[in-house]
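So the sequence lines, in the order shown, correspond to chains A and B. Heads up, the first sequence is in numbering that gives the first Met the number 0, so the first residue is 0 and it goes up one at a time. Heads up, the second sequence is in numbering that gives the first Met the number 0, so the first residue is 0 and it goes up one at a time. Yeah, the Cβ is synthetic: ideal placement off N, Cα and C, and Gly gets one too. These numbers were taken from a predicted model, which means no experiment stands behind them.
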Amino acid sequence: MTTTHKVLIANRGEIAVRIARAAQELGLQTVAVVSDADTTSLVAQMADQVVNIGPAHPAKSYLNADAILQAAQSTGATMVHPGYGFLSENAAFARRVTQAGLIFVGPSAETIECMGNKSVARETAQRAGVPTVPGSAGTVDDVEMAAQVAAEVGYPVMIKASAGGGGRGIRVAHSEPELRHQLPLAKGEARAAFGDDAVYLERFIARARHIEVQVLGDGKRVVHCYERECSLQRRRQKVVEEAPSPALSQMTRDALCESAVRLASAVGYSGAGTLEFLYDDDSGEFFFIEMNTRIQVEHPVSELVTGVDLVREMLRIAMGEPLRFKQEQIVLKGAAIECRLNAEDPERNFMPSPGKLSALRWPGGPGVRVDTHVYAGYTIPPFYDSLLAKLAVWDENRPAALQRMQRALAETSIEGVYNTIALHQQLLADPAVQNGQFHTGYLEQWMARRAAEKALALTSELTAGLAV
Amino acid sequence: MAEIFSPLPGTFYMRPAPDAPNYKQVGDSVAIDEVIGLVEVMKMFNEVRAEVSGKVVRYTIDNEDPVEAGQVLMIIE
Numbered sequence: 000m001t002t003t004h005k006v007l008i009a010n011r012g013e014i015a016v017r018i019a020r021a022a023q024e025l026g027l028q029t030v031a032v033v034s035d036a037d038t039t040s041l042v043a044q045m046a047d048q049v050v051n052i053g054p055a056h057p058a059k060s061y062l063n064a065d066a067i068l069q070a071a072q073s074t075g076a077t078m079v080h081p082g083y084g085f086l087s088e089n090a091a092f093a094r095r096v097t098q099a100g101l102i103f104v105g106p107s108a109e110t111i112e113c114m115g116n117k118s119v120a121r122e123t124a125q126r127a128g129v130p131t132v133p134g135s136a137g138t139v140d141d142v143e144m145a146a147q148v149a150a151e152v153g154y155p156v157m158i159k160a161s162a163g164g165g166g167r168g169i170r171v172a173h174s175e176p177e178l179r180h181q182l183p184l185a186k187g188e189a190r191a192a193f194g195d196d197a198v199y200l201e202r203f204i205a206r207a208r209h210i211e212v213q214v215l216g217d218g219k220r221v222v223h224c225y226e227r228e229c230s231l232q233r234r235r236q237k238v239v240e241e242a243p244s245p246a247l248s249q250m251t252r253d254a255l256c257e258s259a260v261r262l263a264s265a266v267g268y269s270g271a272g273t274l275e276f277l278y279d280d281d282s283g284e285f286f287f288i289e290m291n292t293r294i295q296v297e298h299p300v301s302e303l304v305t306g307v308d309l310v311r312e313m314l315r316i317a318m319g320e321p322l323r324f325k326q327e328q329i330v331l332k333g334a335a336i337e338c339r340l341n342a343e344d345p346e347r348n349f350m351p352s353p354g355k356l357s358a359l360r361w362p363g364g365p366g367v368r369v370d371t372h373v374y375a376g377y378t379i380p381p382f383y384d385s386l387l388a389k390l391a392v393w394d395e396n397r398p399a400a401l402q403r404m405q406r407a408l409a410e411t412s413i414e415g416v417y418n419t420i421a422l423h424q425q426l427l428a429d430p431a432v433q434n435g436q437f438h439t440g441y442l443e444q445w446m447a448r449r450a451a452e453k454a455l456a457l458t459s460e461l462t463a464g465l466a467v
Numbered sequence: 000m001a002e003i004f005s006p007l008p009g010t011f012y013m014r015p016a017p018d019a020p021n022y023k024q025v026g027d028s029v030a031i032d033e034v035i036g037l038v039e040v041m042k043m044f045n046e047v048r049a050e051v052s053g054k055v056v057r058y059t060i061d062n063e064d065p066v067e068a069g070q071v072l073m074i075i076e
């Protein structure tokens with residue numbers, strides 16, 4: 000006899016809608032949990048059951064494990080899908096779901112813990128023979144040791160605080176004299192900021208790309224769904240993603256994807272996961288940085304180039320089905336691009352723009368996909384992120400996909416809130432973007448240049464006005 | 000008596016960090032342009048600055064409460 004499963008969706012926004020769709024296609028019942036601010040959300044209208052789990056503030060609702068588990072119990076849910084963000088990489092939550100006799104749609108709490116710790120993940124990668132950013136084996140105790148390590152690793156090097164994180168406690172040295180000057184300062188800063196003066200060295204890659212590999216595992220076997228190129232970022236937030244990466248040769252792609260599979264296999268990975276790498280265009284080397292043990296925002300581009308429905312596969316794996324694909328059955332076809340449309344004003348430093356959507360028109364036609372939770376008349380609450388929709392396209396090749404995306408953007412109309420459609424149109428028209436030549440710092444440089452040109456144009460306009 | 004309004008909708012915070020003291024206590028004096036709280040809009044934090052000076056009578060909202068644009072946050076005399 001087969002169990003009839005009921006999936007509780009522990010998230011909101013477009014990913015909650017995405018999960019509801021996958022569950023419905025598998026004939027599963029769905030439970031939406033919503034905050035006070037989301038009672039009229041699209042997922043609340045789609046799900047079989049809706050439970051209010053608390054006030055708008057995420058800490059009181061979407062991060063409230065007690066309320067979510069209670070909702071699961073009261074509705075008889077058998078599975079919990081955490082989506083991305085919120086509790087999706089919280090090992091304690093995964094453990095509680097399992098202890099309550101429910102299925103957590105994702106890897107085990109132990110795997111989340113293991114990959115969530117940067118130094119453990121780095122060691123696991125090294126043991127699996129996956130390259131990590133070259134650096135010191137552990138911490139560097141003094142200047143002499145640091146100079147010796149840096150000479151082997153190559154300049155420039157980053158001096159990083161062991162106890163640091165989120166970009167804090169990092170200094171860059173371009174030469175040995177600079178390293179000798181910076182090291183004591185870095186140790187002092189680390190002691191002051193984190194109460195621990197331990198530092199380590201890592202090679203600084205100035206013009207790196209962010210390339211990540213999508214994997215699926217069933218606990219016994221792991222396959223990959225190729226890579227995504229996510230280098231176009233602003234303040235570490237991805238803006239445009241695509242698959243495959245325009246930077247990789249077939250040989251490098253194979254090596255990268257095999258590395259990802261090797262590492263995920265080493266931890267007996269179960270579910271959908273993403274391994275992030277830095278790719279150095281100049282040397283052609285790639286280095287593992289971290290693993291995300293959940294579905295990602297930009298998963299649609301991988302789905303479009305492989306035909307694999309990642310969210311549906313996550314649910315199947317969670318229900319105990321073995322992987323349904325052999326690696327050779329997953330074929331990379333064509334090119335896909337995703338633009339994140341946000342409710343923000345790019346002309347005013349990306350000021351968030353919550354409010355009511357007075358009118359909406361989505362694009363359609365061949366190769367166009369829209370993942371969204373908003374509808375005409377919907378009021379975007381100010382309490383959560385600004386993602387309005389993910390507009391993704393597929394076409395035979397990258398130039399065709401870029402054309403198709405421009406067509407789809409031109410067809411889209413969002414009224415009532417500021418949004419980033421025009422920014423995407425300009426960015427995709429940039430020659431470097433069209434040629435696939437960019438790195439993680441490129442988008443911010445492009446925006447600075449654009450702002451400077453605009454200011455110059457305004458000045459000459461004013462001058463012209465004065466002359467008249 | 001004067002009121003300080005929220006310029007934006009979002010979540011209101013009385014303090015700069017969870018473990019920090021409140022920006023203002025009842026009875027504190029407030030100068031023009033001084034920060035009296037934060038409003039988080041879509042994960043972006045915006046400082047709320049006083050447009051009048053005086054003494055804090057009371058906050059009219061709790062920490063981490065949802066807030067509408069134009070809602071009164073504080074009463075000053």
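Cβ pair residue i, residue j closer than 8 Å
i	j	result
residue 197 of chain A	residue 277 of chain A	no
residue 316 of chain A	residue 363 of chain A	no
residue 346 of chain A	residue 419 of chain A	no
residue 314 of chain A	residue 79 of chain A	no
residue 68 of chain A	residue 95 of chain A	yes
residue 42 of chain A	residue 8 of chain A	yes
residue 47 of chain A	residue 32 of chain A	no
residue 377 of chain A	residue 41 of chain B	no
residue 5 of chain B	residue 53 of chain B	no
residue 379 of chain A	residue 132 of chain A	no
residue 259 of chain A	residue 214 of chain A	yes
Delimiting residues of the beta strand (DSSP E) encompassing residue i
i	result
residue 273 of chain A	269-279
residue 43 of chain B	43-48
residue 310 of chain A	Residue 310 of chain A -> not in any beta strand (DSSP E); alpha helix (DSSP H) instead, spanning 309-317.
residue 550 of chain A	Chain A is shown only over 0 to 467; residue 550 of chain A falls outside these bounds and no answer can be derived.
First through last residue of the alpha helix (DSSP H) which encompasses residue i
i	result
residue 202 of chain A	First-last for residue 202 of chain A: 198-202, but that is the beta strand (DSSP E), not the alpha helix (DSSP H).
residue 193 of chain A	175-193
residue 474 of chain A	In the structure displayed, chain A extends from 0 to 467; residue 474 of chain A sits before or after that span and is not available.
residue 65 of chain A	64-74
residue 424 of chain A	420-427
residue 406 of chain A	397-410
residue 298 of chain A	298-305
Residue nearest to residue i in terms of C-alpha spacing, selected from the options
i	options	result
residue 244 of chain A	A:147, A:70, A:177 and A:230	A:230
residue 445 of chain A	A:417, A:232, A:402 and A:323	A:232
residue 433 of chain A	A:457, A:411, A:369 and A:404	A:404
residue 21 of chain A	A:73, A:310, A:348 and A:381	A:310
residue 9 of chain B	A:25, A:54 and A:189	A:54
residue 107 of chain A	A:452, A:87 and A:118	A:87
residue 34 of chain A	A:235, A:23 and A:15	A:15
residue 435 of chain A	A:286, A:336 and A:461	A:336
residue 443 of chain A	A:238, A:355 and A:159	A:238
residue 109 of chain A	A:268, A:415, A:47 and A:175	A:268
residue 143 of chain A	A:122, A:173 and A:178	A:178
residue 58 of chain A	B:75, B:6, B:56 and B:17	B:17
residue 111 of chain A	A:174, A:464 and A:263	A:263
Contact with chain B by residue i, beta-carbon distance below 8 Å
i	result
residue 40 of chain A	no
residue 56 of chain A	yes
residue 291 of chain A	no
residue 61 of chain A	no
residue 0 of chain A	Note that residue 0 of chain A has pLDDT 48, beneath the 50 cutoff, so the model's placement of it is unreliable and no number is given.
residue 383 of chain A	yes
residue 345 of chain A	no
residue 299 of chain A	no
residue 130 of chain A	no
residue 351 of chain A	yes
is_contact[residue i, chain A] using C-beta, thresh 8 Å
i	result
residue 23 of chain B	no
residue 59 of chain B	no
residue 46 of chain B	no
residue 41 of chain B	yes
residue 15 of chain B	no
residue 9 of chain B	yes
residue 65 of chain B	yes
Nearest-angstrom beta carbon gap, residue j and residue i [assumed within contact, 8 Å]
i	j	result
residue 308 of chain A	residue 13 of chain A	The pair is not a contact, with the Cβ atoms about 16 Å apart (cut-off 8 Å).
residue 18 of chain A	residue 115 of chain A	Not a contact, Cβ separation roughly 22 Å.
residue 353 of chain A	residue 381 of chain A	4 Å
residue 394 of chain A	residue 388 of chain A	In fact, because the Cβ distance is near 19 Å, the residues do not count as touching under 8 Å.
residue 294 of chain A	residue 359 of chain A	So it is not a contact: roughly 25 Å between Cβ atoms.
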